[in-house]
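>
In this note's numbering, the protein residues as written are 26 to 144.
#1: Buried or exposed: where does residue 139 fall if 16 or more other Cβ atoms within 10 Å of its Cβ makes it buried?
#2: So, is residue 44 buried or exposed, given that buried needs 16 or more other C-beta atoms within 10 angstroms?
#3: If you reduce the DSSP assignment to three classes, tell me which class residue 144 lands in.
#4: Residue range of the alpha helix (DSSP H) that residue 54 falls in?
#5: Would you identify the three-state DSSP class for residue 45, choosing helix, strand or coil?
#6: Three Cβ pairs or more, each shorter than 8 Å: is that satisfied between the region 62-78 and the region 101-109?
#7: What are the boundary residues of the alpha helix (DSSP H) that residue 113 is part of?
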């Protein structure tokens, strides 16, 4: 609901638009991709892991692109890759960082993208 606006201020106040409500920057893929990419950078900074930097950078970028372009097929594909890579690590190690967090994020984005593809 909109708050009532006094007539003298009505020309200064714009109602919220759909573009703001559904911004690609707030798409779950974009948010998760940003977190994955930051995680890859953190893995490199803390442990000098080039694998973390490359994998986090590529998969994070893939999710960000899928969110910005509203490409749920790409988002689902990247989510499956992340889940296949990090899920078994999480089950084996039980460590929340990074495998548990990435497993949870990729599960959520896979569900989101599957629902988007269904219609």
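All residues carry an ideal CB built from backbone N, CA and C; glycine is no exception.
In brief:
#1: Numbered from its first residue, the chain shown carries residue 139 at position 114. The residue in question, residue 139, is exposed, as its Cβ has fewer than 16 Cβ neighbours within 10 Å.
#2: Along the chain shown, one-based indexing puts residue 44 at 19. The pLDDT assigned to residue 44 is 48, lower than 50, so where the model puts this residue is not dependable; a value taken from the coordinates is nonetheless given after this. A residue is called buried once 16 or more other Cβ atoms fall within 10 Å of its Cβ, and residue 44, having fewer, is exposed.
#3: Within the chain shown, the letter at position 119 stands for residue 144. Note: residue 144 maps to coil in three-state DSSP.
#4: Residue numbering aside, residue 54 sits at position 29 when the chain shown is read from its first letter. 53-72 is the span of the alpha helix (DSSP H), which, as asked, contains residue 54.
#5: For the purposes of this step, residue 45 is taken as the residue at position 20 of the chain shown. With a pLDDT of only 48 at residue 45, under the threshold of 50, the placement of this residue in the model should not be trusted; the figure read from the coordinates follows. Of the three classes helix, strand and coil, the one that applies to residue 45 here is helix, per DSSP.
#6: no
#7: As a first step, residue 113 is located in the chain shown; it is residue number 88 there, counting from the start. Residue 113 -> alpha helix (DSSP H) spans 97-118.
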